[in-house]
Amino acid sequence: MTSTLTLAEALAAGTVVLDGGMSNQLESAGHDLSDELWSARLLAEQPEAITEAHLAYFRAGADVAITASYQATFEGFAKRGISHDRAAELMALSVESAREAARRARVPRPLWVAASAGPYGAMLADGSEYRGRYGLTVDELERFHRPRLEVLAAARPDVLALETVPDADEATALLRAVRGLGVPAWLTYSVAGGRTRAGQPLEEAFALAADADEVIAVGVNCCAPQDLDGAAATAARVTGKPVVVYPNSGETWDADARGWTGRSTFTADQVKGWQQSGARLIGGCCRVGPEAISGIAGALGAA
1 MTSTLTLAEA LAAGTVVLDG GMSNQLESAG HDLSDELWSA RLLAEQPEAI TEAHLAYFRA
61 GADVAITASY QATFEGFAKR GISHDRAAEL MALSVESARE AARRARVPRP LWVAASAGPY
121 GAMLADGSEY RGRYGLTVDE LERFHRPRLE VLAAARPDVL ALETVPDADE ATALLRAVRG
181 LGVPAWLTYS VAGGRTRAGQ PLEEAFALAA DADEVIAVGV NCCAPQDLDG AAATAARVTG
241 KPVVVYPNSG ETWDADARGW TGRSTFTADQ VKGWQQSGAR LIGGCCRVGP EAISGIAGAL
301 GAA
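Here's what the structure looks like:
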């Protein structure tokens with residue numbers, strides 16, 4: 001069911017379970033995501049597949065669905081000949097697809113929808129979201145992000161997920177871009193060790209969000225599970241806000257081969273440690289599927 005309880009209120013009361021990776025769930029259902037638009041392509045071609053993926057996570061125990069709009073940008077759609085108006089419709093559809101899954105789930109607990117806004121590098125589809133430092137100014141990045149954030153906010157998600165941000169400069173742009181939209185946000189960095197992917201200390205990166213009223217949670221995503229404990233504790237200490245963590249499986253993305261290498265290091269028994277470090281919104285990112293989310297829900301006593 002959808003909820004009259006806001007996500008911020010739920011986080012103040014306890015721990016909330018996020019979903020897992022959209023792309024791996026779609027691939028497991030037989031969909032080809034080799035396109036530069038990644039899962040966003042299916043918004044145009046097979047939106048029911050998106051709804052089914054969300055539904056699988058809700059039924060596995062997730063309380064929050066992250067929309068398939070991570071790679072949905074006006075610029076990215078334009079490269080495929082999709083008009084500005086149609087692109088806006090598809091972004092709004094990403095929110096509605098998650099809402100429809102929540103309606104179909106028929107579970108007795110509250111459910112929420114987070115509208116994903118990936119970094120500028122996601123639109124480039126060359127792996128640069130794991131490096132940052134695009135050569136753009138903060139103003140230029142703000143102008144890139146604001147139009148699609150306006151569209152996503154108008155679709156009335158419960159929260160905007162400003163996610164996989166590699167660079168504190170881009171975080172500054174995103175925090176400017178969400179002002180006045182009337183929808184709360186969370187901000188999560190992609191990190192390596194104690195720094196952003198662009199190399200900035202996490203203390204400085206998290207501090208940007210400390211006084212942002214729009215931001216209800218701050219943390220990290222799409223990083224190795226072993227990077228979470230220290231990052232979660234730092235986010236909690238620096239911002240005083242609830243912490244959100246959703247790591248990938250621990251494998252490594254090869255942008256040239258467009259595939260994952262290495263082995264998974266993600267296990268559900270790690271989540272108690274993340275919770276003890278301050279995490280209140282916990283799930284998985286790439287290569288973390290419904291079974292793992294079910295494990296997280298069970299470990300947190302939410303199943």
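Here UniProt numbering is used: the first residue of the sequence shown is 1, the next is one more, and so on.
By construction, the Cβ of each residue, glycine as well, lies at the ideal position given by its N, Cα and C atoms.
Source: prediction; values computed, not measured.
Please report how far the alpha carbon of residue 286 lies from the alpha carbon of residue 166, in whole angstroms.
For this step, residue 286 is matched to residue 286 along the sequence shown. For this step, residue 166 is matched to residue 166 along the sequence shown. Roughly 16 angstroms between the two C-alpha positions.
Are the segment 150-158 and the segment 126-142 in contact at 8 angstroms, needing three or more beta carbon pairs?
no
Tell me whether residue 226 is buried or exposed, calling it buried when 16 or more other Cβ atoms sit within 10 Å of its Cβ.
Within the sequence shown, numbered from 1, the residue matching residue 226 stands at position 226. It counts as exposed.
Per-residue burial, residue 20 [other beta carbons within 10 Å of its own, 16 or more giving buried]:
If you number the sequence shown from 1, residue 20 lands on position 20. Buried is the call here.
Assuming residue 202 contacts residue 191 under a Cβ cut-off of 8 angstroms, what Cβ separation, rounded to an integer in Å, is found between them?
Position 202 of the sequence shown holds residue 202. Position 191 of the sequence shown holds residue 191. Going by Cβ atoms, the distance from residue 202 to residue 191 rounds to 6 angstroms, so yes, they are a contact pair.
Expressed to the nearest angstrom, what Euclidean distance is found between the alpha-carbon atoms of residue 178 and residue 185?
For the purposes of this step, residue 178 is identified with residue 178 of the sequence shown, where counting begins at 1. For the purposes of this step, residue 185 is identified with residue 185 of the sequence shown, where counting begins at 1. Rounded to the nearest angstrom, the two C-alpha atoms are 8 angstroms apart.
Where do the N-terminal and C-terminal ends of the beta strand (DSSP E) with residue 282 fall, by residue?
Within the sequence shown, numbered from 1, the residue matching residue 282 stands at position 282. From DSSP, the beta strand (DSSP E) with residue 282 extends over 279-282.
Cut-off 6 angstroms between Cβ atoms - residues of its own chain near residue 123, not counting five sequence neighbours on either side:
Residue 123 sits at position 123 when you count from the first residue of the sequence shown. 73, 75, 76.
Please identify the residue among 105, 215, 89 whose C-alpha is closest to the C-alpha of residue 8.
Translated into the one-based positions of the sequence shown, residue 8 becomes position 8. Among 105, 215, 89, the Cα nearest to that of residue 8 is on 215.
Counting Cβ pairs closer than 8 angstroms, one from the segment 55-73 and one from the segment 112-123, do we hit at least three?
yes
Hey, quick one: how far does the beta strand (DSSP E) through residue 116 stretch, first residue to last?
As a first step, residue 116 must be located in the sequence shown, where it is residue number 116. First-last of the beta strand (DSSP E) with residue 116: 112-117.
Every unbroken beta strand (DSSP E) inside the segment 110-164 [3 residues or more]
112-117
Got a sec, what are the start and stop residues for the alpha helix (DSSP H) residue 24 sits in?
Residue 24 sits at position 24 when you count from the first residue of the sequence shown. Here the alpha helix (DSSP H) through residue 24 covers 22-28.
For residue 276, is the classification buried or exposed, using 16 other Cβ atoms within 10 angstroms of its Cβ as the cut-off for buried?
Taking the sequence shown and counting its residues from 1, the one referred to as residue 276 is at position 276. Exposed.
If you draw a straight line from the C-alpha of residue 239 to the C-alpha of residue 206, how long is it?
By one-based count along the sequence shown, residue 239 stands at place 239. By one-based count along the sequence shown, residue 206 stands at place 206. In a straight line, the C-alpha of residue 239 is about 7 angstroms away from that of residue 206.
Please name the residue in 291, 46, 151 whose C-alpha comes closest to that of residue 87.
The residue given as residue 87 occupies position 87 in the sequence shown. The residue with the shortest Cα to Cα distance from residue 87 is 151.
Assuming residue 57 is part of the alpha helix (DSSP H), what are its boundary residues?
Numbered from its first residue, the sequence shown carries residue 57 at position 57. From DSSP, the alpha helix (DSSP H) with residue 57 extends over 47-60.
First through last residue of the beta strand (DSSP E) which encompasses residue 65:
Position 65 of the sequence shown, counted from the start, is the residue given in the question as residue 65. Counting along the chain, the beta strand (DSSP E) containing residue 65 begins and ends at 64-66.
Less than 8 angstroms between the beta carbons of residue 218 and residue 235, yes or no?
In the sequence shown, the residue the question calls residue 218 occupies position 218. In the sequence shown, the residue the question calls residue 235 occupies position 235. Yes. Within cutoff.
Under a Cβ-count criterion, where at least 16 other Cβ atoms within 10 Å of its own Cβ denotes burial, should residue 169 be classed as buried or exposed?
Along the sequence shown, one-based indexing puts residue 169 at 169. Buried: at least 16 other Cβ atoms inside 10 Å.
Using 10 angstroms around the beta-carbon of residue 241, count the other beta-carbons present and answer buried if the total reaches 16, otherwise exposed.
Position 241 of the sequence shown, counted from the start, is the residue given in the question as residue 241. That one is buried.
Range of the contiguous alpha helix (DSSP H) that encloses residue 220:
In the sequence shown, counting from the first residue as 1, residue 220 sits at position 220. Not the alpha helix (DSSP H): residue 220 falls in the beta strand (DSSP E), residues 215-221.
Count the other C-beta atoms from every protein chain shown that fall within 10 angstroms of the C-beta of residue 84, then say buried if there are 16 or more, exposed otherwise.
Here residue 84 refers to the residue found at position 84 of the sequence shown. Under this definition residue 84 is an exposed residue.
Reference residue 221; option with closest CA among 246, 213, 212
Reading the sequence shown from its first residue, position 221 is the one you call residue 221. Closest option to residue 221, Cα to Cα, is 246.
Alpha carbon to alpha carbon, how far is residue 61 from residue 105?
By one-based count along the sequence shown, residue 61 stands at place 61. By one-based count along the sequence shown, residue 105 stands at place 105. Distance between the alpha carbons of residue 61 and residue 105 is about 10 angstroms.
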